[in-house]
Every structure is written in structure tokens, then in C-alpha cells.
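Asks: Residue numbers (the UniProt record's numbering): 1 to 650. From the three backbone atoms N, C-alpha and C, an ideal C-beta is built for every residue, glycine too.
1) What separation, rounded to the nearest whole angstrom, lies between the Cα atoms of residue 65 and residue 360?
2) Under a three-way DSSP split, which group does residue 562 fall into?
3) How far does the beta strand (DSSP E) with residue 523 in it extend, from its first residue to its last?
4) Helix, strand or coil for residue 144? Go by DSSP, reduced to three states.
5) In the DSSP assignment, find the unbroken alpha helix (DSSP H) run with residue 619 in it and report its ends.
6) Can the beta-carbon of residue 140 be found less than 9 Å from the beta-carbon of residue 173?
7) Taking DSSP as the reference, what is the three-state secondary structure of residue 299?
8) Just to confirm before moving on: does the CB-CB distance between residue 611 and residue 532 stay below 9 Å?
9) Considering only C-alpha positions, which residue in the set 214, 549 and 246 is nearest to residue 225?
10) Pull up the CB-CB distance for residue 102 and residue 324, whole angstroms please, since I reckon it's below 8 Å.
11) Taking DSSP's pairing of strands, which residues face residue 595 in a bridge?
12) Check whether the region 199–213 touches the region 262–269, taking contact to mean three or more Cβ pairs, one atom from each stretch, closer than 8 Å.
13) Could you check the C-alpha separation between residue 81 and residue 151 for me, to the nearest Å?
14) For the 8 Å Cβ check, are there 3 or more pairs between the region 574–591 and the region 536–553?
15) Along the alpha helix (DSSP H) that carries residue 110, what are the first and last residues, could you check?
16) For the region 614–629 against the region 562–575, do three or more pairs of beta-carbon atoms, one drawn from each stretch, fall closer than 8 Å, so that the two count as touching?
17) Taking the alpha-carbon of residue 508 as reference, which of 112, 118, 366 and 570 has the nearest alpha-carbon?
18) Kindly indicate which three-state DSSP category residue 100 falls into: helix, strand or coil?
19) Count the other CB atoms, across all protein chains shown, that sit within 10 Å of the CB of residue 405; report buried if there are 16 or more and exposed otherwise.
20) Out of curiosity, what's the CA-to-CA distance linking residue 185 and residue 60?
21) Do you know how far the Cα of residue 215 is from the Cα of residue 300?
22) In terms of alpha-carbon separation, which member of 516, 588 and 510 lies closest to residue 537?
23) When we look at the beta-carbon of residue 242 and count the other beta-carbons within 10 Å, is it buried (16 or more) or exposed?
24) Given 8 Å as the limit, is there contact between the region 157–164 and the region 125–145, that is, 3 or more CB pairs closer than that?
25) Under the three-state reduction of DSSP, which class applies to residue 124: helix, strand or coil?
26) Beta-carbon within less than 8 Å of residue 164's beta-carbon, same chain only, minus the 5 sequence neighbours each way: which residues are those?
27) CA-CA distance, residue 279 and residue 291?
28) I need the DSSP call for residue 549, collapsed to helix, strand or coil.
29) Could you have a look at residue 272 and say whether DSSP puts it in helix, strand or coil?
30) Among 228, 195, 607 and 180, which has the Cα closest to the Cα of residue 621?
31) Grouping DSSP H, G and I as helix and E and B as strand, with all else coil, what is residue 470?
32) Quick check on residue 538: does DSSP put it in helix, strand or coil?
33) Among 78, 608 and 627, which residue has its Cα nearest to the Cα of residue 326?
34) Taking the beta strand (DSSP E) that residue 248 falls in, what are its first and last residues?
Structure follows, in C-alpha cells:
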């Protein structure tokens, strides 16, 4: 009978058919699914009962000391990525492994075949970004030929998915996870430092068109960044067969994890139930990491990955192989065994199985045996290929990106984070960060505890933060401490330029104007009151880092001005700068924005829009503390270039 099934492949099939023991609960507490149709069919026939009774037990080598059977293997195909996310990239960048030290396609297949022979039924291909590996379709095709392997999955950022998916499906790919943390295109561009939101959405729709059910969408939820999009993601499942998986923010090396930034499963669930009180809980598999729910009559569903608030270590069935061939038995652990070295030194299959078994046997009960995983030492996420977690958006200065084909970070990157003594934020901290071409210039208070590192950035963008700084960078009039009322006003026009002869609105034709350097500076003041001001200064606002988020909003707004103000021209900006400082005398946030271009029309509206949206963001983030907030002094401070000359408030 065993020969009729093909013993190893047959025993794997039987293990999958039997499933979990009846009555056993999954990590969410919901009942597990009923035995599969295959199991019921086997149990109903004499031959099936014989096979079930004589099926090979699960491999002892893939069973740890706590009885957990590891039938799920994640293989990282590459350390590289075609995006530059804050997902998994630490401040100092990562040292990429030389190509010669990465697993070859044949080595990947050899290891996969060995693991499947011992009982692995599911393999997920990860990265980096797995779909940038040139031979990824061939690897999927070879995996599909391995007898006993039931599921071949991929986790991708979705950029290349629409183009490759038809070939991947034909090769045998049968499950897809797509990482997407925002449904706002401009926010997406800021986070990943590249364009591509439309490509990700195209990939999601292509997957549904090709019949993938469900298409899983991974969304890491972080306070102050995207927790306000929870309802939008749920609504995304209304007409599409998606499983949007909300992942709790987890710590990894270099991501500056902060507990205040984590939004727990319970909090997310409460928010969603306020909008959809009829939300239903779904049953799940015994080893599932997800707690799944569904809005009645929606095509798709949502899930929660509760890695921090309610860990699922007790049912963990996962092992990982990194791109350089190291076996990791726990995502949170730093213990690794090089299978590549043993493979290349000629180790036999039996020897490899013994090495793997010893590593699995050392696996700890939970979170690599660490009580406080936020203090752990581990690889950066990009070198592991786990969940796309561990961002620190609200403490990061974002740069307009260069356009490399693949990510190969230099050892210099920059991030802006809170000092341990956050009261310094509005007082002793004086830090000006300027990016030009591929260098960074710092002017820093010696007493500041801020970390300063530098990332190679393109000359397209510039972001500055200057908190309560009294000094101005040489050659710049941007951060003036005074916004006095007097002004140097150029000669204006006697007519409104945005109306035609009949008084109808019209866009100005700038085609005949000469190109020139145009620059504008605008300002705004947000009076918060003593309580809200103190919370902003100490970074205690529940939604996150008010100054950093408002800065990002201002820059984003400047780039979108022509979409917000109907008669504005779409101007290619080569410089945007937003500064927020704290004025304790007025309990106020003082905002300055600067925009610059080389073209035929000015950038006053871009600067004003940046200041206005930054001010509105401050209001939005502080309104839970008080509604007694006043936005005032939204005005143009100066402009240069253009036929009407210069303007300046002295």
C-alpha cells in the first residue's frame, strides 16, 4: 500500500489529510476546521483505513522538544530589494552577502527536497524581494516537481507581480502574500522611497483575476502612521477575495522599536467593530498564526497577526532558511546553522538531517527563549525574510529617492529619532540636517543625544528639521526666527490673472515666460495651549510623533499642490524643506516651509500648501487632547524669481 502512494510523498499526503486532532483550538481560540474531504474519504474505505493506520509518523528530526512538528519552510531567495522601505532596513544599512555565498537554485531545490522528504508540506519563497531573482520562475517549477510538497507560496512587495504572475502560476505557484501598508499613493511613495503604488494594486487585481483565493495582503499597523487606515483596508475586502492581515509592529535590529508605536490586536478589533459590529469570527487551522474575521456579505476577510500581544509560539510549525543558507528555527532568535557550508563540504543527506534535527531540538519554547524580545539581537528583517515588520516611520526623515535598479545600500543612512530625555526636544536640541547629492551636513548641539547617520540620497529632495533653532544655515534665509509684519512688496498686477475676459476661471498660460530660479517661503503658527504643547514637547501624544508626522505631511502636500488647488500648475520641485519648532512663550508650533524650482511659474502655493497641511496635521494629532487649538499666521514670508520681482516680509 505504501508503495502505491510513494512512501515519502504518500505519508506526507496522509499527514495532511489527517489534520489536527478533533477539538483542538487554534491560536485565536476558535475551533479548528473539520477533517478535510481527503481525510474523510480515506477513513471511509478499507484501503484508506489501512494507510492511515500504517502511515509513517512525522519526522523526529523536524519535531522539537515541545512536540511541535515543523511542516512549513520559508526560503529567502535574495537579500536585495527593488524598494527602499523602512520595513527592515536599519540606519546603518546592511552588508549584502557576496553572490558566491548565496544559495544557488540547485542548492535551494536540494534542501527543499530534503525537508519535504522529512515532512515539510508548505514552502514559502521570501527575500529581500524574491521576484527580482532572475530564476524565480524556474525555482518554482522545480519545487512543483517535488513529490509531497502541497503548497508553494511567495511573499512579495508586488512591484513585479503582475508581470510575472502568469508564468509563476503556470510553474506551480499556488499562494500569494503581498505587502502593502497604506492605501494612499503619496504616503506609499514616501515610505518606500520609490514610485510603484499602481504596480502593487495591479498585482493584487491580477492575482484575483487568475483565481488565487484568497490573495493575502500584509499590513503592519503602526501608531501615528497608518492606524487611521484600518477601516479603509477592511472596506478593501468588500468586492475582492482578499485576506487583509493586520500585523502587530515587532522589534528587529535597527528598527528602533517603541512599544508606544504598537497598535494591539484588541485595539484594532475594537476600532473595526465600531464600524462593523456584525463582524464574524472564523475558524482556523491549528497551527495558524492569524485570528480571522469577516464582515458578512464581503467577498474577503481580515486577519490579525498577534506576534506581540498574544504570541502563537505554542503552535509554531515554521523554519527559515536565509539567502546565504543559514537555518533559523525561530524568527526572533539569533542562533543559526549554516546548511550551505555543510552542503558544499559534501555532507551526506543523513548528516544534513542530523544537523537539522539538532537545531530543531534546541528550539526554545517561545520567542527564542527571551523574556523581553525588544532587547534581542537579531538580523535585520530584510536578511531574514519573515513578516514585513519593524518600521519606525514617525522618527525617520524621508528622502526623495534615487532610481537604482536594485537596492545595494551604502554604509551611510540617516534617521532622526527622539533622545532618551525627550524634554530636550523643545529646548537644548538644535539639529539641522541637510541632504545634497550624496552627502549630509550636520550642525548639532554637542549636548544633544540624537543619533546622526547619513544615507546616500539623490539631489532631488531635501528635508530639514530645526527644532527651536536660533541659527540659520549659511546661505539660507529659511528658518528666520521672526515673521514680522512689514514686507517688501513687489509691484502687483491690476487684474486678476486667473479669470478670462468674461470673468470665468482659467489657468494662466505660462508658455511664453522665461525659465528662472523660483523660491518661496511660507509660515504658519499652531497655538496648542499648555497641556497639548507639553505633550508634544515630551512626545507623549497617543497618535505618535507630532512634529515628524506633520513634517512629512507638509512635504507630501507641497508635491500634491496642483491636485489640491485647481488652477495651479504641476511644477517639478527640486527642493522642499519643512521645519517645525516649539515656541514655549506662546505654547505654539511654528512652521516654516520652503519650495524651490527652476521653471516658468512660482512656488508660492506649494510653500503655502506645505505650511497649511503641516499645521492641519498638528491639529489632527492633538485634537484628542483639546479642541482649543488655533491655526494662525498662515502667510507667504518671501519669494524670489519671476517677472514681478521679489517679495519679503522684513
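Replies: In this structure, then:
1) Translated into the one-based positions of the chain shown, residue 65 becomes position 65. Translated into the one-based positions of the chain shown, residue 360 becomes position 360. Linking residue 65 to residue 360 through their CA atoms gives a straight-line distance of about 8 Å.
2) Working through the chain shown from its first residue, we reach residue 562 at position 562. In the displayed model, residue 562 falls within a helix according to three-state DSSP.
3) In the chain shown, counting from the first residue as 1, residue 523 sits at position 523. Residue range 516–527 is occupied by the beta strand (DSSP E) that includes residue 523.
4) Taking the chain shown and counting its residues from 1, the one referred to as residue 144 is at position 144. Helix at residue 144.
5) Numbered from 1 along the chain shown, position 619 holds the residue referred to as residue 619. Element bounds for residue 619: 604–622.
6) For the purposes of this step, residue 140 is taken as the residue at position 140 of the chain shown. For the purposes of this step, residue 173 is taken as the residue at position 173 of the chain shown. Yes, the pair counts as a contact, with Cβ atoms nearer than the cut-off.
7) In the chain shown, residue 299 corresponds to position 299, counting from 1. Three-state DSSP puts residue 299 in coil, outside helix and strand.
8) Numbered from its first residue, the chain shown carries residue 611 at position 611. Numbered from its first residue, the chain shown carries residue 532 at position 532. No, the pair does not count as a contact, with Cβ atoms beyond the cut-off.
9) Stepping through the chain shown from its first residue, residue 225 is reached at position 225. Nearest C-alpha to residue 225 among 214, 549 and 246: 549.
10) Taking the chain shown and counting its residues from 1, one reaches residue 102 at position 102. Taking the chain shown and counting its residues from 1, one reaches residue 324 at position 324. Between residue 324 and residue 102 the Cβ distance is about 6 Å, and since that is below 8 Å, they are a contact.
11) The residue labelled residue 595 in the question sits at position 595 within the chain shown. Partner(s): 520 and 576.
12) They do not touch, by the three-pair rule.
13) Locating residue 81 in the chain shown gives position 81, where the first residue counts as 1. Locating residue 151 in the chain shown gives position 151, where the first residue counts as 1. Roughly 24 Å separates the two Cα atoms.
14) Touching, yes.
15) On the chain shown, residue 110 is found 110 positions in, with the first residue counted as 1. Following the DSSP letters along the chain, one finds residue 110 inside the alpha helix (DSSP H) bounded by residues 105–117.
16) Touching, no, given that fewer than three Cβ pairs across the two stretches are closer than 8 Å.
17) Counting from 1 along the chain shown, the entry for residue 508 is found at position 508. Comparing Cα-Cα distances from residue 508 to each of 112, 118, 366 and 570, the minimum goes to 570.
18) Within the chain shown, the letter at position 100 stands for residue 100. Helix, per DSSP.
19) As a first step, residue 405 is located in the chain shown; it is residue number 405 there, counting from the start. Only weak support exists for where residue 405 lies, its pLDDT of 32 falling under 50; the coordinates are left without a value.
20) In the chain shown, the residue the question calls residue 185 occupies position 185. In the chain shown, the residue the question calls residue 60 occupies position 60. One C-alpha to the other measures close to 48 Å.
21) By one-based count along the chain shown, residue 300 stands at place 300. By one-based count along the chain shown, residue 215 stands at place 215. If you take the alpha carbons of residue 300 and residue 215, they lie about 9 Å apart.
22) What you label residue 537 is simply residue 537 of the chain shown in a count that begins at 1. Out of 516, 588 and 510, the CA that lies nearest to the CA of residue 537 is found in 588.
23) On the chain shown, position 242 is the one that residue 242 refers to. So residue 242 counts as buried.
24) Result yes; three or more Cβ-Cβ pairs closer than 8 Å.
25) Within the chain shown, numbered from 1, the residue matching residue 124 stands at position 124. In the structure shown, residue 124 adopts extended strand secondary structure according to DSSP, grouped into three states.
26) Position 164 of the chain shown, counted from the first residue, corresponds to residue 164. So the list reads 131, 136 and 137, once near-sequence residues are dropped.
27) Along the chain shown, read from residue 1 onward, the residue named residue 279 stands at position 279. Along the chain shown, read from residue 1 onward, the residue named residue 291 stands at position 291. Note on geometry: alpha-carbon atoms of residue 279 and residue 291 lie some 13 Å from one another.
28) For the purposes of this step, residue 549 is identified with residue 549 of the chain shown, where counting begins at 1. In this structure, residue 549 counts as helix in the three-state DSSP scheme.
29) Numbered from its first residue, the chain shown carries residue 272 at position 272. When DSSP states are grouped into helix, strand and coil, residue 272 belongs to the helix group.
30) Here the question's residue 621 lines up with position 621 in the chain shown. Considering only alpha carbons, the answer is 228.
31) One-based indexing of the chain shown puts residue 470 at position 470. Note that residue 470 has pLDDT 34, beneath the 50 cutoff, so the model's placement of it is unreliable and the number below is only indicative. Residue state, collapsed to three classes: coil.
32) Position 538 of the chain shown, counting from 1, holds the residue named residue 538. In the three-state reduction of the DSSP assignment, residue 538 falls in the coil class.
33) Sequence index remark: in the chain shown, residue 326 carries index 326 (1-based). Per the Cα distances, 78.
34) The residue labelled residue 248 in the question sits at position 248 within the chain shown. Residues 242–248.
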